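As numbered in UniProt numbering, residues 1 to 393 make up the sequence shown, in order.
Notes follow once the structure below has been shown.
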Amino acid sequence: MKTFQCSHCRSLVFFNDLVCLNCQHALGFEPRSLTLLAVAPVPEQAEDDDAQAADGPSRWQVAGDPESEQSLPSGTFRFCRNHTDHQACNFLVADDDPDAYCVSCRQTRIIPNLDMPGNLQRWATIEHAKRRLFYTLAKLGLEEGVSGGPGVRTPVYEFLEDIPGEPPVMTGHDDGLITINIAEADDAERIRRRIDLHEPYRTLLGHLRHEVGHYFWDQFFQDDPQALNDFREVFGDETLDYAQALQQHYQQPRADWQSAFVSSYATSHPWEDWAETWAHYLHLMDLLETAANYQMAFTLKSPEGPFAVQCLDPYEAMAGLAATQDAASPPAAGLVELLNQGMGVSLVLNSLNRSLGQEDAYPFALTTPVLNKLEFVHEIVQRKRSQAGAGEA
Numbered sequence: 001m002k003t004f005q006c007s008h009c010r011s012l013v014f015f016n017d018l019v020c021l022n023c024q025h026a027l028g029f030e031p032r033s034l035t036l037l038a039v040a041p042v043p044e045q046a047e048d049d050d051a052q053a054a055d056g057p058s059r060w061q062v063a064g065d066p067e068s069e070q071s072l073p074s075g076t077f078r079f080c081r082n083h084t085d086h087q088a089c090n091f092l093v094a095d096d097d098p099d100a101y102c103v104s105c106r107q108t109r110i111i112p113n114l115d116m117p118g119n120l121q122r123w124a125t126i127e128h129a130k131r132r133l134f135y136t137l138a139k140l141g142l143e144e145g146v147s148g149g150p151g152v153r154t155p156v157y158e159f160l161e162d163i164p165g166e167p168p169v170m171t172g173h174d175d176g177l178i179t180i181n182i183a184e185a186d187d188a189e190r191i192r193r194r195i196d197l198h199e200p201y202r203t204l205l206g207h208l209r210h211e212v213g214h215y216f217w218d219q220f221f222q223d224d225p226q227a228l229n230d231f232r233e234v235f236g237d238e239t240l241d242y243a244q245a246l247q248q249h250y251q252q253p254r255a256d257w258q259s260a261f262v263s264s265y266a267t268s269h270p271w272e273d274w275a276e277t278w279a280h281y282l283h284l285m286d287l288l289e290t291a292a293n294y295q296m297a298f299t300l301k302s303p304e305g306p307f308a309v310q311c312l313d314p315y316e317a318m319a320g321l322a323a324t325q326d327a328a329s330p331p332a333a334g335l336v337e338l339l340n341q342g343m344g345v346s347l348v349l350n351s352l353n354r355s356l357g358q359e360d361a362y363p364f365a366l367t368t369p370v371l372n373k374l375e376f377v378h379e380i381v382q383r384k385r386s387q388a389g390a391g392e393a
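Structure below.
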């Protein structure tokens with residue numbers, strides 16, 4: 001993800017920040033423009049506004065730099081109710097929006113009991129990861145009505161806790177509903193599960209990206225026979241018995257998974273292969289945008305000698321490529337360059353981690369078959385985005 005500059009003082013600020021440390025303005029993320037903004041209270045007509053006195057300012061406007069000609073969103077805003085109630089969200093809500101919650105938080109249908117010790121922090125941590133997911137999906141045109149794109153229907157979420165005497169909460173997706181066990185927000189518990197399951201990587205954001213992959217499988221393929229046929233050519237026949245396939249995987253995992261899959265779990269069933277590949281597509285898009293935003297450049301060594309790499313913003317690069325093609329064109333060759341850059345960035349990232357005595361941040365090797373699957377994910381995203389746009393016209 002990119003960094004931001006305070007709209008008032010131009011200082012460096014970050015996606016989840018609530019206050020600019022330099023000018024002390026409150027910060028709010030405006031989801032339609034995908035911009036973090038400094039905001040100031042709107043002068044109220046009535047000085048005896050009891051609600052304002054009790055809860056602080058209720059209406060906000062963008063605080064811009066008076067010496068800059070920057071283009072900023074107009075109008076007035078409210079903070080998401082999860083900000084005013086719990087300081088657990090920094091998204092803004094347009095004043096004319098009847099919903100008290102922001103476009104990300106309103107997707108959450110059930111939250112844990114916040115009166116239980118630790119649950120408020122666990123829930124807030126999950127919501128933060130979900131907002132990062134929201135940002136990436138919006139950049140890809142997969143959040144409805146965001147940043148000028150039509151988007152597609154989005155999932156709903158339930159964040160639940162284990163209750164003694166009841167079956168454990170299973171993280172997963174079912175017909176548009178994504179469930180996350182809030183224990184995954186506890187670092188020690190998540191690491192324990194990663195070790196018990198022999199996983200090289202396990203994060204909250206990774207869970208959300210994987211599960212939303214299942215959601216978008218339904219959106220992309222269930223009612224599109226041609227897309228489904230294309231999927232089967234790349235990932236295999238998803239009509240294989242899912243429960244039996246998972247049981248077989250856990251009893252006898254494939255030893256040769258590295259040759260054609262992004263993870264061992266991806267070998268269990270074509271649905272899981274898609275979801276794992278989808279998650280890695282989102283990983284790489286976010287990683288590359290971050291690297292490009294810092295104008296990252298590095299040099300790699302090869303048998304032909306050293307070669308320099310200047311990281312490209314994937315969304316800007318894809319927008320430029322899409323402008324030269326029609327919607328029916330095959331995926332642009334430039335995506336291969338972006339994926340290669342992503343692998344280079346992950347190599348640098350892992351090397352830096354090792355120098356600090358840490359495990360690899362991205363402990364995966366992407367073979368040619370996996371790169372082909374990533375290209376397919378990209379192609380279907382662009383195709384569905386174009387179809388959604390045509391439907392709005």
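C-beta atoms are modelled at their ideal positions from N, C-alpha and C, and glycine is treated no differently.
Note that the coordinates shown come from a computational prediction; the quantities given were computed from them, not determined experimentally.
Between which two residues does the alpha helix (DSSP H) harbouring residue i extend?
i: residue 235; result: 225–235
i: residue 121; result: 119–139
i: residue 81; result: 81–86
Verify whether the separation of the beta carbon atoms of residue i and residue j is less than 7 Å.
i: residue 308; j: residue 299; result: yes
i: residue 6; j: residue 38; result: yes
i: residue 27; j: residue 20; result: yes
i: residue 169; j: residue 109; result: no
i: residue 280; j: residue 335; result: no
i: residue 424; j: residue 111; result: Since the first and last residues shown for the chain are 1 and 393, residue 424 lies out of range.
i: residue 385; j: residue 141; result: yes
i: residue 271; j: residue 238; result: yes
i: residue 282; j: residue 125; result: no
i: residue 190; j: residue 202; result: yes
i: residue 101; j: residue 132; result: no
i: residue 204; j: residue 129; result: yes
i: residue 178; j: residue 127; result: no
i: residue 289; j: residue 2; result: yes
i: residue 154; j: residue 219; result: no
i: residue 370; j: residue 262; result: yes
i: residue 349; j: residue 361; result: yes
i: residue 268; j: residue 245; result: yes
i: residue 278; j: residue 213; result: yes
i: residue 363; j: residue 200; result: yes
i: residue 161; j: residue 182; result: yes
i: residue 73; j: residue 33; result: yes
i: residue 257; j: residue 217; result: no
Where does residue i land, buried or exposed, given buried means 16+ other C-beta within 10 angstroms?
i: residue 46; result: Low confidence applies to residue 46: its pLDDT is 43, below 50, so where it sits in the model is not reliable enough to give any reading.
i: residue 338; result: buried
i: residue 75; result: exposed
i: residue 368; result: exposed
i: residue 352; result: exposed
i: residue 4; result: buried
i: residue 304; result: exposed
i: residue 287; result: buried
i: residue 344; result: buried
i: residue 67; result: exposed
i: residue 88; result: buried
i: residue 406; result: Outside the shown range of the chain (1 to 393) lies residue 406, about which nothing can therefore be said.
i: residue 354; result: exposed
i: residue 118; result: exposed
i: residue 243; result: exposed
i: residue 396; result: Nothing can be reported for residue 396, as the shown portion of the chain is limited to 1 through 393.
i: residue 148; result: Caution is warranted here: a pLDDT of 43 is assigned to residue 148, below 50, making its placement in the model unreliable, and the coordinate value is therefore given only provisionally. Result: exposed.
In the DSSP assignment, the beta strand (DSSP E) including residue i goes from what residue to what residue?
i: residue 300; result: 297–300
i: residue 41; result: 35–41
i: residue 361; result: It is not in any beta strand (DSSP E) - residue 361 carries neither H nor E in the DSSP assignment.
i: residue 108; result: 108–110
i: residue 30; result: 26–30
i: residue 93; result: 92–94
i: residue 307; result: 307–310
i: residue 62; result: 60–62
Quick one: is residue i near chain D, going by C-beta distance under 7 Å?
i: residue 340; result: Absent from the structure is chain D; it holds one protein chain and no more.
Would you say the beta carbon of residue i comes nearer than 6 Å to a heavy atom of the ligand SAM?
i: residue 315; result: The ligand SAM is not part of the structure shown, which contains no ligands of any sort.
Pick out the complete beta strand (DSSP E) segments inside the segment 150–225, 3 residues or longer, and give them in chain order. 156–160, 172–174 and 177–181
Within the segment 230–300, note down every full alpha helix (DSSP H) run reaching 4 residues or more, in order along the chain. 242–251 and 270–293
Which runs of the alpha helix (DSSP H) spanning at least 4 residues fall entirely within the segment 331–357, listed in chain order? 334–355
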